[in-house]
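One structure is given here, and the rest of the page talks about it.
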Amino acid sequence: MIRLEAVTKSYPNQRQQRPALSDLSLRIDSGEIIAVVGPNGAGKSTLLGLLSGVLKPTSGSVSGSPRCSVVLQRTALDHLLTVRENAVLFARVYGVPAPERGKRLDEVAKITGLTDRLDERVGSLSGGLARRADLLRAMMVGPELLILDEPAAGLDRESHRAIIDTLDELRRSMGVAIVLSTHDLADAARADRVLLLREGVLVASGAPSELVEGLGYSVVLEPAGDGGEIRCDRDEAQMHAAELLAQGVSYAVRDASLEDVYDGLMGEAR
Amino acid sequence: MSAFDATLALVAREWLRLMRQPARVVATVGTPIVLLVALGSGFAGSISGLMDVGDSRSYAAFLLPGMMAMAALFASVFGAISLIEDREGGILLVLLAGPAPSGSIVLAKVIGVGLPAFAQAMLLLPAAWILGIHPSVPQTLLAILATLLLTIGIVSVSLTLAWRVRSTQEFHAIMNTVLMPMWLLSGSFYPASQAATAMRWLTAVNPLTWPVESLRGSLAGERSALLGASAWPLTIAFAVGSLLMAMGTIGLGKRRTSG
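Chains as they are written, first to last, in the numbering used here: chain A, 90 to 359; chain B, 1093 to 1351.
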C-alpha cells in the first residue's frame, strides 16, 4: 500500500544536529494496525507527516499513494458546526461524491456510536465524543490509510477504551490500514505491529508478541522493598519465588510485556 | 468540479459560522453606525461642504465610505482570527492534506470571509439615501464594485497577516499597529486632498485609501480629489495584488503547518 525506502527527514533551522528521522524503511499493507511508540522528539509525528504526504523526505523515497486521512491530537473540527455538518464539509473538500456521503455517514456513525449525536454541535460534546466525531470525520473520506496522532491522549479510561475499540472495529468492518502514534503501551500491544523510535531511529519493530519474546525472558518477579526485578523464564520463576519466600521476602509476579521491551530499548539511550 | 465543490463547501461553512455568531454581525455593523451617527451629527455644525449634498448632513455623507471600509475591516479581522483558530486547531492541516489544491482552499477562505464582510459593508449603503447623497443607478453599481474590491483587498491582507502570526493575541497587536492605522490614514475621517503635504502623501500611498476614494467618488459621481483617474486602477491593483499575496503566502502553507 505504501512503502518508505531509506527515508531521512531533516528540518531547516532545527536545533539539534541529528535528523528528525534517519534512514527508515517501512512497508504498510492493507488492513494492518501499526503503533508507533517512542519518547517525545523520537520522530513519531514526522513519520506520520511523511505517511500522510504533508511532509516530503529530505532523502529516500515514499512509494504508493493510498487515500489517507489524518486524526490529530487536537480535534480538527469546527466547534460551531454539528457533527453532521463537519462530516459533510470534509467529505466535500475531499471530493466524496454526494450519493456516497449519506451512506458513508450512516455507516461510520454506527461504528463510532454517534448516530444519535449527529445533529449536535461539536462544541457541546464531551472530549471523548468529540474525539470520536473527529474519527468519523476522518472516515468520511473513505481512507485506505488512517493516520492518528495520539488519538486517545487526555481522555478518561472509558472514552480511551471506546476510541481504541472503535479503531479495531473500523479495521474489521472497513478494512482500513491504521497507523497510530501513542505513549500508551497497552494500546500499542493491541496493534499488529509496533515500531519503536528513538532519536529519529527505528530501534525495533515487529508484532508485540515477537518483541516480547525477543526479550529473552517471559516472567518478571518484583520483590517488595528494594524495587529490583528478577527477569526469568517461566520454568525458573518458581525457583526464584521459592528463594524469595525462604528469605521472607514477598513479591509480585507478572508476565513480561511491551513495557519491558520499551524500557530496555529506551534505557540504553539514558 | 471537485475543487469547485470544495470551495463552495468552505464558503458555506463560513456563512454557517457567521449565522451562529450573531454578535459578530452586531459588532461589525454596529460600530460603524455608531461612529457615523456620533461623528456625523457631532461635527455637522463645524464641518460642512465636504460632500455636496446640500445640507448639514454632509460630514456624515463624507464619512459613509470610510465606515463601510470599517465594517469590511472588522468582518475581515474576525474572519482572519478564524484562520488562526483553524491552523492552531489542526483543521487547516487536515484540509491541506486533502486532494483539493491549496489555492482553492485559500480562495475559499477569502470568499468565505469576504462575502460576509462585503454583505456587512453593503448593509451601510442605504445610509447614502438617508444622508441625502442619492447616487444614480450607475453610481450605485460602481459603489458596489468599489466595495467588493475593497473587501477582497482587505480580507486578503488580513488573512496574510493572520497566517504570519502565531496567536490571536499577536494578531490583535498587528491589527492595532497595522490595520487600524491603515484605516485611520485612509482619508475616512478627513479630506486628504486638503490635508498638509506630508499627510496627503501618507494617505495617497496607503492602499486602503484607494478603494475608499473610489467608493466615495462613485457615490458622489465625481473623480477622486486626491488620486484623480488613478483611483480605480489602484483599487483594482490593491484587490488583485492582495489576493495573489494571500494565495502565495497561505498556499505554500503545507510546509509551515507541519514544520
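We put the beta carbon where it would ideally sit given N, CA and C, even for glycine.
query                                                                                                                                   : result
Simplified DSSP assignment, three categories, for residue 241 of chain A                                                                : coil
Chain A contact for residue 1115 of chain B (CB, 8 Å cutoff)                                                                            : no
Any chain A beta carbon closer than 8 Å to residue 1183 of chain B                                                                      : yes
Sheet register partners of residue 320 of chain A (DSSP bridge)                                                                         : A:309
Beta carbon proximity, residue 1192 of chain B to chain A, threshold 8 Å                                                                : yes
Listed by chain order, chain B residues near residue 125 of chain A by CB distance under 7 Å                                            : Here the premise fails: no neighbours, minimum Cβ distance about 16 Å.
Residues of its chain near residue 201 of chain A, where Cβ-Cβ distance is below 6 Å and the 5 sequence neighbours each way are ignored : 221, 224, 225 and 255
CB contact check: residue 142 of chain A to chain B, cutoff 8 Å                                                                         : yes
For residue 98 of chain A, three-class secondary structure by DSSP                                                                      : strand
Contact with chain A by residue 1105 of chain B, beta-carbon distance below 8 Å                                                         : yes
Those residues which DSSP pairs with residue 236 of chain A across a bridge                                                             : A:159 and A:268
Among A:313, A:251, A:148 and A:123, the one whose alpha carbon lies nearest that of residue 100 of chain A                             : A:148
Cross-chain neighbours of residue 165 of chain A in chain B, by beta carbon under 8 Å                                                   : 1181, 1182, 1183, 1185 and 1186
Same chain, Cβ closer than 7 Å to residue 359 of chain A, five either side skipped, listed in chain order                               : With a pLDDT of 45 at residue 359 of chain A, under the threshold of 50, the modelled position of this residue cannot be trusted; read the value that follows with caution. Result list for residue 359 of chain A: empty, nothing under 7 Å.
The region 341-353 of chain A contacting the region 305-318 of chain A, beta-carbon criterion three pairs below 8 Å                     : yes
Nearest residue (CA-CA) to residue 144 of chain A, options A:96, A:292 and A:182                                                        : A:96
Within chain B, partners of residue 190 of chain A - CB distance below 8 Å                                                              : What residue 190 of chain A touches in chain B: nothing, since even the nearest Cβ is about 11 Å away.
Element boundaries [beta strand (DSSP E), containing residue 1174 of chain B]                                                           : Where residue 1174 of chain B is concerned, there is no enclosing beta strand (DSSP E), although the alpha helix (DSSP H) it sits in stretches over 1150-1181.
Status (buried if at least 16 other CB within 10 Å, exposed otherwise) for residue 1324 of chain B                                      : buried
Test: residue 184 of chain A CB closer than 8 Å to a CB of chain B                                                                      : yes
Below-8 Å beta-carbon distance, residue 161 of chain A vs any chain B residue                                                           : yes
Counterpart residues of residue 341 of chain A in DSSP-defined beta bridges                                                             : A:311
Buried or exposed (CB count within 10 angstroms, at least 16 for buried), residue 1106 of chain B                                       : buried
Residue nearest to residue 1128 of chain B in terms of C-alpha spacing, selected from B:1235, B:1317 and B:1216                         : B:1216
8 Å Cβ shell around residue 277 of chain A - same chain, five flanking residues per side excluded                                       : 124, 126, 271, 283, 297 and 347
Local Cβ density within 10 Å of residue 1261 of chain B, reported as buried at 16 or more and exposed below that                        : exposed
Closer than 9 Å at the beta carbon, the chain B residues around residue 173 of chain A                                                  : Under the 9 Å cutoff, chain B gives no residues; its nearest Cβ is about 12 Å from residue 173 of chain A.
Residue 1304 of chain B versus residue 177 of chain A: straight-line alpha-carbon distance, rounded                                     : 39 Å
For residue 1139 of chain B, three-class secondary structure by DSSP                                                                    : coil
Proximity below 8 Å, CB of residue 301 of chain A to CB of residue 354 of chain A                                                       : no
Residue 367 of chain A: first and last residue of the uninterrupted beta strand (DSSP E) it sits in                                     : The displayed coordinates of chain A run from 90 to 359. Any statement about residue 367 of chain A would go beyond what the structure contains.
C-beta atoms of residue 1289 of chain B and residue 1318 of chain B nearer than 8 Å                                                     : no
Residue-level contact to chain A via CB, residue 1259 of chain B, 8 Å cutoff                                                            : no
Residues that residue 176 of chain A bridges to, as DSSP identifies them                                                                : Residue 176 of chain A is not bridged to any residue.
For residue 204 of chain A, the three-state DSSP class (helix, strand or coil)                                                          : helix
Residue span of the alpha helix (DSSP H) that contains residue 1313 of chain B, given as start and end                                  : Careful: residue 1313 of chain B lies outside any alpha helix (DSSP H) and carries neither H nor E.
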